[in-house]
Amino acid sequence: MKSRMLIPLIVLAFVLNARGQQYWVLLEEYDAPGNYAHGLYYAGKLLWHVDWDTSSNESTIYTMNPYNLEVIDIIPSPVEQPWGIGHDDRNFWLTTHGDWSGPVSTLVKIRTDTFAVDTTYEFPGYFFYGVTWDSTDGNLWIAAMSSSYVKYILEFNGDTGQVVEWHPGLWGGEFATGMQYWNGQIWANTTNFSYPDHTYIVDVDSWNIDDVYIYSYVDADGIATNGLVWWISYWRFGNHVIQKLIPPGVEVHDIAAHSPIFPMTGPIPLQTFEPQFRFINYGSVPESEVPFVCTMEEVLTGTLIYYNEVTYPYEIEPEEIVEITFAEVSSLLLQPETDYTLTYYSDLLWDEHRNNDTMHVYVHTEGVRDLALLSILEPDTIEGFDSFHPTIVVQNQGDCPEPVAPVDLHIEYPDGSLSNLSAQAFNLEVGEIDTVVFAIFDPTEPGEYLFTFDGVLPGDLYPENDLLSINCLIGQLHDVAPVLITCPETVVPLVAITPAVIVENLGDFFENAFYVYCVITDSVTSHYDEHVICPPLDVGDLFELDFPGFTPPYPAHYTFTFTTMLGIDNVPQNDTLSITPAVGIICDVAPILVIEPSNLLTSNPFQPSVVVSNIGTLPSDGFYTCCQVDSGSTFYYYMQTWVQSLNPGENDTVTFQ
Numbered sequence: 125m126k127s128r129m130l131i132p133l134i135v136l137a138f139v140l141n142a143r144g145q146q147y148w149v150l151l152e153e154y155d156a157p158g159n160y161a162h163g164l165y166y167a168g169k170l171l172w173h174v175d176w177d178t179s180s181n182e183s184t185i186y187t188m189n190p191y192n193l194e195v196i197d198i199i200p201s202p203v204e205q206p207w208g209i210g211h212d213d214r215n216f217w218l219t220t221h222g223d224w225s226g227p228v229s230t231l232v233k234i235r236t237d238t239f240a241v242d243t244t245y246e247f248p249g250y251f252f253y254g255v256t257w258d259s260t261d262g263n264l265w266i267a268a269m270s271s272s273y274v275k276y277i278l279e280f281n282g283d284t285g286q287v288v289e290w291h292p293g294l295w296g297g298e299f300a301t302g303m304q305y306w307n308g309q310i311w312a313n314t315t316n317f318s319y320p321d322h323t324y325i326v327d328v329d330s331w332n333i334d335d336v337y338i339y340s341y342v343d344a345d346g347i348a349t350n351g352l353v354w355w356i357s358y359w360r361f362g363n364h365v366i367q368k369l370i371p372p373g374v375e376v377h378d379i380a381a382h383s384p385i386f387p388m389t390g391p392i393p394l395q396t397f398e399p400q401f402r403f404i405n406y407g408s409v410p411e412s413e414v415p416f417v418c419t420m421e422e423v424l425t426g427t428l429i430y431y432n433e434v435t436y437p438y439e440i441e442p443e444e445i446v447e448i449t450f451a452e453v454s455s456l457l458l459q460p461e462t463d464y465t466l467t468y469y470s471d472l473l474w475d476e477h478r479n480n481d482t483m484h485v486y487v488h489t490e491g492v493r494d495l496a497l498l499s500i501l502e503p504d505t506i507e508g509f510d511s512f513h514p515t516i517v518v519q520n521q522g523d524c525p526e527p528v529a530p531v532d533l534h535i536e537y538p539d540g541s542l543s544n545l546s547a548q549a550f551n552l553e554v555g556e557i558d559t560v561v562f563a564i565f566d567p568t569e570p571g572e573y574l575f576t577f578d579g580v581l582p583g584d585l586y587p588e589n590d591l592l593s594i595n596c597l598i599g600q601l602h603d604v605a606p607v608l609i610t611c612p613e614t615v616v617p618l619v620a621i622t623p624a625v626i627v628e629n630l631g632d633f634f635e636n637a638f639y640v641y642c643v644i645t646d647s648v649t650s651h652y653d654e655h656v657i658c659p660p661l662d663v664g665d666l667f668e669l670d671f672p673g674f675t676p677p678y679p680a681h682y683t684f685t686f687t688t689m690l691g692i693d694n695v696p697q698n699d700t701l702s703i704t705p706a707v708g709i710i711c712d713v714a715p716i717l718v719i720e721p722s723n724l725l726t727s728n729p730f731q732p733s734v735v736v737s738n739i740g741t742l743p744s745d746g747f748y749t750c751c752q753v754d755s756g757s758t759f760y761y762y763m764q765t766w767v768q769s770l771n772p773g774e775n776d777t778v779t780f781q
């Protein structure tokens, strides 16, 4: 659709407010992303920017982070010679400049979904510059200049495609390049190619100039705002910049999310971590005691699993970036192979621009990593004075392969000194068991050594199975021990018992006579505490010792504990040997009398029956009694019947069906 409609020009007087000729307050300046810097349009999370390189005639549309002007996306322009950009809540609008020799400027409606041309309106004999949308009446305002250099502000209805009015330019020899409608006013950047150039603030109802601001350079172009902060671009060759500014006399409070430090969006190991994030003061004044918040929730369920607030204790200057470290997120809160959203935001109560407070980081936990230490092969609890290779058995108990599974070994010597070794298992598949062999170890002196093996797989989810330790006695030893209890056995009647044990010299030295003790207890009390003397034993000798007799007072489980008491024994862990026999405790039920059948059988049916009795010393629980009938290899009958519990000496008759 094309149209061009002229309405007779109405010349309006204007009044300049006495406050004019103030200077914009510069917050920050950035290099423009392209070769020229034209139109700007602010859209919440994005700042749209038009770049038309007049030397190459290449045209590009950029979307940028409004607060640090990092480029987010690059879009080829759907039209040639673009200048201004705006949006009317449904469509984008681009203006094109037209050739200087014979201008035909266009106002182009652009589809929001595809950024393709929808409708073009041609205006021969005009140059078009900035465009903005009036949200109160739905009209577009376009900065225009005729081929005879007469300046206008075109008011255009995008719904009808008709010109509403050609308003006169109010700025003498300057022509408008950038336009922004805001709160009943048009903010127009103008230039006459010499300093100073101005931003005129015009009331759209009275068409009076309310104020005039001066900016840093000549040839300002695009202008956009979020209501607090303003952006202005400059298109003059060699000075293509975009400035972030505020009007004079205005204070802006704005603490914004800047960028993540850790974790970044993507996979993370299933382990405890500290969230770290950067925030920036985009305002115009320092801020102190600013609270920052980090939350973490599971994407699928929306469950909040973590919340932490940190108050920054120092002042944050304008444009200063601060790094905030939050409290740990425990690995116990995380599930493997799960999507989570980390949300960071500043919580300054008087923040005037909330749109940039928050940033999300999307992470996905990796599978379970778990290297378990199963057992120690070398050393044993006792070793000679020879060299050996410490060796441990490990298993990949996670759900992902491990190319390298590292294990550290810490060795504490008898004098308290320490040494450390490292070794690895390689290419462990899920569930695979392997041995990790360390470098050879040479003992320096006889004595007790502590070997601590430590699995150090990064991201190991279960550290509780990462450690194994063993105390090892190395070198010549003094060691005697009870090795076999010869009396009592595990089950004995309620009669007098003569405790007896065999002791052996397991060490490396001849040992003089020493005491051996026997203590007898039950669950209630101690009944017996006696000792005897073991005669001298040479290396490897055994000797059986008999203790004074013990008469059990009642049926019970008695614990007989034998202990050797050598003056110097380097292996005390084997000095004790115990047995807990059942003394006078008999569990015994038995059939004692067959009732049916008798010795003489007839052809008549009968029901087998038998008398069973508890002939033990303990009450019995319920039990089955079975009856089987066969003749030779021929099987005729099998049945079992449940008998309730019987007290000692109690009988019951069991009848089979």
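Each residue of the sequence shown is one higher than the last, beginning at 125 in this note's numbering.
Built from N, CA and C at the ideal position, the CB exists for glycine as well.
Computed from a prediction, not measured in an experiment: that's the story for all the values here.
C-beta contact flag for residue i and residue j at 8 Å
i: Leu264; j: Val274; result: no
i: Phe386; j: Phe403; result: no
i: Gln395; j: Leu552; result: no
i: Gly746; j: Leu618; result: no
i: Phe84; j: His221; result: The chain is shown from 125 up to 781; residue 84 falls before or after that span and cannot be answered.
i: Glu668; j: Ile609; result: no
i: Leu597; j: Val531; result: no
i: His162; j: Asp463; result: no
i: His322; j: Ile338; result: yes
i: Leu498; j: Asp590; result: no
i: Leu592; j: Phe562; result: no
i: Phe397; j: Ile500; result: no
i: Tyr154; j: Asp177; result: no
i: Pro677; j: Thr614; result: no
i: Trp290; j: Ile347; result: no
i: Tyr468; j: Ala381; result: yes
i: Ser542; j: Glu536; result: First, the amino acid is wrong: residue 542 is Leu here, not Ser. Yes, the pair counts as a contact, with Cβ atoms nearer than the cut-off.
i: Tyr639; j: His651; result: no
i: Pro606; j: Thr515; result: no
i: Val149; j: Pro372; result: yes
Spatial distance of residue i from residue j (CA atoms)
i: Pro729; j: Ser647; result: 53 Å
i: Val778; j: Thr749; result: 8 Å
i: Arg143; j: Val374; result: For Arg143, the predicted structure reports a pLDDT of 44, less than 50, and the residue's modelled location is therefore unreliable. The matter cannot be settled from this model.
i: Phe686; j: Asp693; result: 16 Å
i: Lys126; j: Pro202; result: Summary for Lys126: the model assigns pLDDT 33, below 50, so the residue's position carries little reliability, and this model does not support an answer.
i: Gln781; j: Val718; result: 15 Å
i: Tyr845; j: Val753; result: Residue coverage of the chain in this structure runs from 125 to 781, which leaves residue 845 outside it and unanswerable.
i: Asn189; j: Glu461; result: 31 Å
i: Asn281; j: Trp331; result: 19 Å
i: Asp653; j: Gly631; result: 27 Å
i: Gly426; j: Ile366; result: 40 Å
i: Gly407; j: Leu170; result: 18 Å
i: Pro772; j: Ser733; result: 21 Å
i: Leu164; j: Glu443; result: 22 Å
i: Glu447; j: Phe401; result: 6 Å
i: Asp175; j: Phe216; result: 16 Å
i: Leu218; j: Met483; result: 30 Å
i: Leu278; j: Ala268; result: 7 Å
i: Asp699; j: Glu572; result: 17 Å
First through last residue of the beta strand (DSSP E) which encompasses residue i
i: Pro587; result: Element bounds for Pro587: n/a, residue is neither H nor E.
i: Phe575; result: 571-579
i: Gly254; result: 250-257
i: Phe562; result: Counting along the chain, Phe562 falls outside any beta strand (DSSP E), and DSSP gives it neither H nor E.
i: His478; result: His is not the amino acid found at residue 478; the sequence shown has Arg there. Arg478 -> no beta strand (DSSP E), and no H or E assigned at all.
i: Asn595; result: 591-598
i: Gln548; result: 542-552
i: Ser383; result: 379-386
i: Asn159; result: Unbroken run through Asn159: none, as it is neither H nor E.
i: Ile185; result: 182-188
i: Thr758; result: 758-767
Contact belief for residue i with residue j at Cβ below 8 Å, rounded distance in angstroms
i: Asp475; j: Asp329; result: Going by Cβ atoms, the distance from Asp475 to Asp329 rounds to 32 Å, so no, they are not a contact pair.
i: Trp257; j: Ile209; result: No, Trp257 and Ile209 are not in contact; Cβ-Cβ is about 11 Å, not under 8 Å.
C-beta neighbour in chain B for residue i, strict 8 Å
i: Thr220; result: Any reference to chain B falls outside this structure, which holds one protein chain only.
Within the region 644-731, ranges of the beta strand (DSSP E) (whole runs, at least 3 residues): 650-658, 666-670, 683-689, 700-703, 713-720
As an exercise, report each continuous beta strand (DSSP E) stretch of at least 3 residues that is fully enclosed by the region 490-530, in chain order. 495-502, 515-520
Inside the region 191-264 only - beta strand (DSSP E) runs reaching at least 3 residues: 195-200, 206-211, 215-220, 228-235, 241-248, 250-257
Quick one: which unbroken alpha helix (DSSP H) runs of 4-plus residues sit fully inside the region 415-442? Chain order, please. none
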